[in-house]
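Chemist: Here it is, the structure, as C-alpha cells.
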Amino acid sequence: VAPIRDDQPVVAGQVVAAGAGVRVRFGRVTAAGLGEALDAVLYEPGHRAAAERVRASFRAAGGATAAAAHLERLAARAATRPPSQPSLEER
C-alpha cells in the first residue's frame, strides 16, 4: 500500500494492521523495495489469508450495496434536520 494523502494513510494502516498488505512510502520506495513488498504480499501465505478474512468481513457486512444504502440513509437524515452550526456563508 502506498498512501499519498487524505484518508489513504489511515486506510493503509488498517490494511497493514489486518496483515493484508505491506506499506511502502510513496515517492521514496525504490524499485527493489517495491518488488520486495509485492513478493511479500503475493507469496507469503499470511497476507493472502488476511486479505481473505477482510473480504469475508466485507461480504458479511453487505458489501458495497449495504454501504451505499447506509450513506443514502445518512444523507436523507442530514437533509431533514437543521444544521447544528451556521455554514461558513452565514457567518
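For the sequence shown, position 40 matches number 47 in this note's numbering, and the numbering has no gaps at all. Just so it is clear, CB atoms sit at the ideal spot from N, CA and C, and this is done for glycine as well. Keep in mind the model is a prediction, meaning the values are calculated, not measured.
(1) Pairs of beta-carbons, one from the region 73-85 and one from the region 46-62, closer than 8 Å: are there three or more?
(2) Given that a residue counts as buried once 16 or more other Cβ atoms are within 10 Å of its Cβ, and exposed if not, what is G40?
(3) Straight-line CA distance for A24 to A47?
(4) Below 8 Å on the Cβ atoms is my guess for A82 versus H54; work out the distance and round it to an integer in Å.
(5) How would you call G29, buried or exposed, if buried means at least 16 neighbouring beta carbons within 10 angstroms?
(6) What did DSSP end up calling F33 once you bin it into helix, strand or coil?
(7) Looking only at C-alpha atoms, which of R12, G20, A68 sits nearest to G34?
(8) Let me know the secondary structure DSSP gives D100 once reduced to three states.
(9) For V22, count neighbouring C-beta atoms within 10 Å of its own C-beta (all shown protein chains included) and say buried if the count is 16 or more, exposed if not.
Modeler: Reading off the structure:
(1) no
(2) Indexing the sequence shown from 1 puts residue 40 at position 33. Looking at its Cβ environment, which holds fewer than 16 other Cβ atoms inside 10 Å, G40 is exposed.
(3) Reading the sequence shown from its first residue, position 17 is the one you call residue 24. Reading the sequence shown from its first residue, position 40 is the one you call residue 47. Cα to Cα, A24 sits roughly 15 Å from A47.
(4) On the sequence shown, position 75 is the one that residue 82 refers to. On the sequence shown, position 47 is the one that residue 54 refers to. Not quite, the Cβ-Cβ distance comes to about 36 Å (not below 8 Å), so this is no contact.
(5) On the sequence shown, position 22 is the one that residue 29 refers to. What sits at residue 29 in the sequence shown is Val, not Gly. Buried, because 16 or more other Cβ atoms sit within 10 Å of the Cβ of V29.
(6) One-based indexing of the sequence shown puts residue 33 at position 26. Correct three-state label for F33: coil.
(7) Sequence index remark: in the sequence shown, residue 34 carries index 27 (1-based). Of the listed residues, the one whose Cα sits closest to G34 is R12.
(8) Not covered by the structure: residue 100. The range shown for the chain is 8 to 98.
(9) Position 15 of the sequence shown, counted from the first residue, corresponds to residue 22. By the neighbour-count rule (16 or more Cβ atoms within 10 Å), V22 is buried.
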